[in-house]
Amino acid sequence: MDDTRHLSGMTGEARVEDYLALLKPNVMQLVVFTAIVGLVVAPGGINPLLGVIAVVCIAIGAGASGALNMWYDADIDAIMSRTVNRPIPAGRISGGEALIFGVVLSVFSVALLGLATNWVAGGLLAFTIFFYAVVYTMWLKRSTPQNIVIGGAAGAFPPMVGWAAVTGTISVESIALFMIIFLWTPPHFWALALYKQSDYGAAGIPMLPNVKGAAHTKVQIFIYTILLALSAMLPTLLGFAGVVYTAVAVATGAAFLFFAWRLLRTGEDVAMRKSARALFNYSLGYLFVLFFALLVDNLLLRFGVLA
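Structure representation (structure tokens):
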């Protein structure tokens, strides 16, 4: 294995934006937003200041996970076209600096969240960081084509952390929010893998299209999309979402199924890569829309706008 991630001396001079890039801000946006929804939807309410602290801690924890991921994956990031300009492979930050940065942020975010809210939330955040950095990045990612399926749990924990920050518990409602994100992850990333197949192959990452082929991957995407559309109805079935969320969940789920079906029907050529990219682009906004609908629905119900 390349020792890029362990180098302590690199060329170039790190800037503030390079350290921010280590936090994977694009990924963090979704993490923070779903955590906020989990926090707001949870019963009981929380002091606004503590709520802000909780969200900041979750954001920092997510960023720490990203930094640790980039530290460990520096060797393959240097190969793949979409990651080659990240701070470590580009030589602007050393692997050692990224490792220290990630560890310090991890400890700080977990400790502050536990002290400010409760240790159920703090423990969940610690487990989330560990799962992403160790279970997914160091173990699953390079060893199994099911890396995204199992590893997707890391990105699904934030609404549970937000919920626990308010309630101090893990409930069936927060698990429902977890399941939506967990089942969204495979079709989202496998669509990306279909049109970036050569990148993953060059890096030696056993993504499903590289191991099982495009046809098998398309079937799996469609199956997981069906499961995702069904799981999106759980908030309604469990009674913590109303008509606004339900309508949005049905509409967005149907659209997701359309993109997955269209991909399933294409051959293994340029049209397939185009359909895969369309599905991936749609999936980028899907969770934002769905969780925003849940947030709006909950606030309308809470303030008596909806019966």
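Using the working numbering, you'd call the opening residue of the sequence shown number 17 and step up by one each time. Glycine included, each C-beta is placed from N, C-alpha and C at the ideal position.
Using the Cβ count rule (16 or more neighbours within 10 Å means buried), how would you classify residue 198?
Counting other Cβ atoms within 10 Å of its Cβ, residue 198 reaches 16 or more and is therefore classed as buried.
### Message
In whole angstroms, give me the CA-to-CA distance for residue 163 and residue 319.
### Response
Looking at the two C-alpha atoms, the distance is approximately 42 Å.
Since I believe residue 212 is in contact with residue 98 (beta carbons under 8 Å), could you give me their beta-carbon distance rounded to a whole number of angstroms?
-> The pair is a contact, with the Cβ atoms about 7 Å apart (cut-off 8 Å).
Check whether the Cβ atoms of residue 325 and residue 147 lie closer than 8 Å to each other.
-> No answer is possible for residue 325: it lies beyond the span of the chain, which begins at 17 and ends at 323.
Sequence-distant residues of the same chain with beta carbon closer than 7 Å to residue 289, five excluded per side: Spatial neighbours of residue 289 in its own chain (CB-CB distance under 7 Å, excluding positions within 5 residues in sequence) are listed in chain order as 210, 211.
Would you kindly work out how many angstroms separate the C-alpha atoms of residue 248 and residue 286, rounded to a whole number? The C-alpha of residue 248 lies about 31 Å from the C-alpha of residue 286.
Which residue's Cα is closest to the Cα of residue 221: 172, 158, 299, 138? Comparing Cα-Cα distances from residue 221 to each of 172, 158, 299, 138, the minimum goes to 158.
**Asked** Where do the N-terminal and C-terminal ends of the alpha helix (DSSP H) with residue 194 fall, by residue?
**Response** Taken as a continuous stretch (DSSP letters only), the alpha helix (DSSP H) holding residue 194 covers 188-211.
- Who are the near neighbours of residue 42 in its chain, counting only those whose CB is closer than 6 Å to its CB and skipping five residues on each side? Contacts found: none.
> When the Cβ atoms of the segment 65-73 are set against those of the segment 127-142, are three or more pairs found closer than 8 Å?
Replying inline: Contact between the segment 65-73 and the segment 127-142 is present, because at least three Cβ pairs lie under 8 Å.
C-beta contact flag for residue 303 and residue 276 at 8 Å: Result no, Cβ atoms of residue 303 and residue 276 do not sit closer than 8 Å.
Quick check on the DSSP output: the alpha helix (DSSP H) that includes residue 163 runs from which residue to which? In the DSSP assignment, residue 163 falls within the alpha helix (DSSP H) that extends over 163-167.
Provide the residue span of the alpha helix (DSSP H) that contains residue 138, from first to last.
-> Under the DSSP assignment, residue 138 falls in the alpha helix (DSSP H) whose first and last residues are 135-146.
Whole-angstrom distance between residue 306 and residue 317, CA atom to CA atom
Approximately 17 Å between the Cα atoms of the pair.
message: Excluding the 5 residues flanking residue 102 on each side, which residues of the same chain have their C-beta closer than 7 Å to its C-beta?
response: Shown here for residue 102: same chain residues with a beta carbon closer than 7 Å to its own, the five before and five after excluded, namely 37, 86, 93 in chain order.
Assuming contact is defined by CB atoms lying nearer than 8 Å, are residue 153 and residue 89 in contact in what I supplied?
Yes, the Cβ-Cβ distance between residue 153 and residue 89 is below 8 Å.
Confirm, please, whether the CB-CB distance from residue 167 to residue 9 is below 8 Å. Absent from the structure is residue 9, since the part of the chain shown begins at 17 and ends at 323.
- prompt: Measuring CA to CA, which of 104, 189, 269 is closest to residue 56?
  reply: Of 104, 189, 269, the residue nearest in Cα terms is 189.
Please classify residue 121 as buried or exposed, where buried requires at least 16 neighbouring CB atoms within 10 angstroms. Classification of residue 121: buried, given that the 10 Å Cβ count is 16 or more.
Could you check what DSSP says for residue 63 in three-state terms: helix, strand or coil?
In the displayed model, residue 63 falls within coil according to three-state DSSP, outside both helix and strand.
Discussion item. Given this structure, state the Cα-to-Cα distance separating residue 224 from residue 321, to the nearest angstrom.
Written reply: Residue 224 and residue 321: Cα-Cα distance of roughly 46 Å.
### Check whether residue 39 and residue 73 have beta carbons under 8 Å apart
No. Outside cutoff.
Scan the segment 245-304 and note each continuous beta strand (DSSP E) run of 3 residues or more that stays entirely inside, going in chain order.
Runs found: none.
Notebook entry, point to check: Helix, strand or coil for residue 40 per DSSP?
Noted result: If DSSP states are grouped into helix, strand and coil, residue 40 belongs with coil.
### Query
Where does residue 98 sit, in a helix, a strand or coil, going by DSSP?
For residue 98, the secondary structure class from DSSP, reduced to helix, strand or coil, is coil.
Measure the C-alpha to C-alpha separation of residue 283 and residue 71 and round it to an integer number of angstroms. Computed Cα separation, rounded: 44 Å.
(message) By the DSSP assignment, the alpha helix (DSSP H) with residue 115 in it spans what residues?
(response) Per DSSP, residue 115 belongs to the alpha helix (DSSP H) from 111-132.
ask   = Can you name, in chain order, every residue of its own chain whose Cβ lies under 7 Å from the Cβ of residue 312, other than the five neighbours on each side?
value = Hits under 7 Å: 260.
* Asked: Looking at the unbroken alpha helix (DSSP H) that takes in residue 175, where does it start and where does it end?
  -> Per DSSP, residue 175 belongs to the alpha helix (DSSP H) from 174-183.
Buried versus exposed call for residue 204 [16 or more other C-beta atoms within 10 Å across all chains shown]: Residue 204 is buried by the Cβ-count criterion.
Note to self: How far does the alpha helix (DSSP H) with residue 157 in it extend, from its first residue to its last?
What the structure shows: Neither: residue 157 is in no alpha helix (DSSP H) and is coded neither H nor E.
>> Which residue marks the beginning of the alpha helix (DSSP H) containing residue 225, and which one marks its end?
In response: DSSP places residue 225 inside the alpha helix (DSSP H), whose first and last residues are 224-228.
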